[in-house]
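Numbering (the working numbering), first residue to last: 492 to 900.
Here the structure comes first, spelled out in structure tokens, and everything after it is commentary.
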């Protein structure tokens with residue numbers, strides 16, 4: 492981390508943050524989850540993960556061999572019997588693959604938690620303000636440690652091991668990106684706080700800041716959105732059919748983003764509780780509370796703002812460079828979902844659900860009405876480019892702005 496306390500913040504690192512976020516977003520938009528999140532590449536020597544991965548790959552190759560042999564259609568009775576045996580073999584291989592995936596999960600998550608640094612007792616604790624109060628790898632370790640059971644359920648709940656693997660990898664990817672979003676927003680608050688502090692103290696060494704957070708949050712929000720889309724919708728054999736969600740347990744896109752950030756929120760609270768046990772610094776506690784609230788608001792708004800910009804396109808605008816490498820039928824299904832508006836009794840799955848989320852976020856924020864209003868109107872301005880805005884959303888955003896700042900009742 493850069494040093495805030497002595498005013499030697501490196502002005503080149505913001506560009507590296509933006510480039511890293513762009514690279515991650517491009518990878519998520521261009522490659523399938525099973526390939527983009529290539530956790531099989533981890534060696535895992537210390538817990539036997541490597542041997543499980545080898546067995547897993549061997550089963551995959553055997554399935555491909557059997558499926559390749561059964562590709563041709565024959566009328567010979569012996570071939571039909573052989574095909575039935577091949578089908579039974581594929582089912583048996585699928586069960587073995589699920590067992591290996593479960594065993595792999597039981598070993599991989601603890602290994603990942605250990606590598607990220609699950610033990611916070613040896614971590615730096617903001618000595619004199621020279622390090623960040625939020626270490627992203629440590630936070631990811633806490634989040635994974637608290638929610639391992641969710642990943643285990645995905646392995647057993649899916650009949651097809653490929654979908655279970657995709658759901659597990661997709662969830663790991665979403666949690667990792669959500670932690671990165673929260674950490675970036677938290678880090679921006681710290682940077683602003685100490686920049687203002689040095690300006691007030693007229694520190695001659697303080698360099699001019701390079702704005703980076705909005706660009707990073709936008710890229711990471713887009714990566715999170717496209718990952719949620721890949722998990723929720725899968726292409727069908729009929730190119731003209733609109734895909735349906737894989738199961739009722741898979742929530743709508745907006746709720747998938749909210750749930751991922753909620754898991755990070757719970758993990759962050761536990762993470763900071765452990766950190767504050769190591770010190771009685773009231774000033775540090777105040778900074779953490781303010782930064783945590785700001786990071787949550789920025790994270791939710793950045794993801795919900797990036798969702799329509801990533802998935803939807805305005806009518807007649809088919810810009811090739813903006814379209815992710817996702818089946819068009821899946822994009823069509825997501826478009827129908829995000830354009831769904833509810834009524835008085837039911838909340839829709841699009842902009843009115845976003846309105847409900849941000850309203851709840853605003854009501855929980857103390858003494859930060861101005862920030863909440865600006866965050867909300869920026870988010871809904873993004874949605875308004877692609878979908879029709881209901882009147883109650885206009886009243887919540889423009890109406891509140893008029894009352895709070897223009898004093899129009």
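Each residue gets a CB set at the ideal place from its N, CA and C atoms; glycine is no exception.
Local Cβ density within 10 Å of residue i, reported as buried at 16 or more and exposed below that
i	result
residue 626	buried
residue 629	buried
residue 702	exposed
residue 588	buried
residue 548	exposed
residue 738	exposed
residue 792	buried
residue 828	buried
Host alpha helix (DSSP H) of residue i (start-end)
i	result
residue 520	504-521
residue 878	No alpha helix (DSSP H) holds residue 878; DSSP gives it neither H nor E.
residue 718	704-723
residue 762	744-767
residue 730	Premise fails: residue 730 is in no alpha helix (DSSP H) and is neither H nor E.
residue 774	773-802
residue 630	627-637
residue 829	819-829
residue 525	524-527
Cβ-based neighbour list, residue i, same chain, cut-off 8 angstroms, excluding 5 preceding and 5 following
i	result
residue 660	524, 525, 528 and 530
residue 753	none
Closest Cα partner of residue i within the set the options
i	options	result
residue 795	886, 748 and 769	748
residue 684	740, 508, 799 and 781	781
residue 504	729, 704, 759 and 793	704
residue 511	672, 604 and 554	672
residue 839	816, 555, 765 and 880	880
residue 668	799, 513 and 590	513
residue 601	584, 631, 707 and 582	631
residue 743	641, 830, 818 and 556	830
residue 545	745, 774, 633 and 595	595
Sequence-distant residues of its chain with Cβ nearer than 6 angstroms to residue i (five each side left out)
i	result
residue 515	714
residue 676	786, 789 and 790
residue 798	716
residue 640	none
Contact under 8 angstroms by Cβ, residue i with residue j
i	j	result
residue 802	residue 709	no
residue 730	residue 820	yes
residue 767	residue 760	no
residue 833	residue 843	yes
residue 592	residue 664	no
residue 849	residue 867	yes
residue 508	residue 670	no
residue 736	residue 726	no
residue 519	residue 662	no
residue 779	residue 763	yes
Cβ-based neighbour list, residue i, same chain, cut-off 7 angstroms, excluding 5 preceding and 5 following
i	result
residue 847	838
residue 603	635
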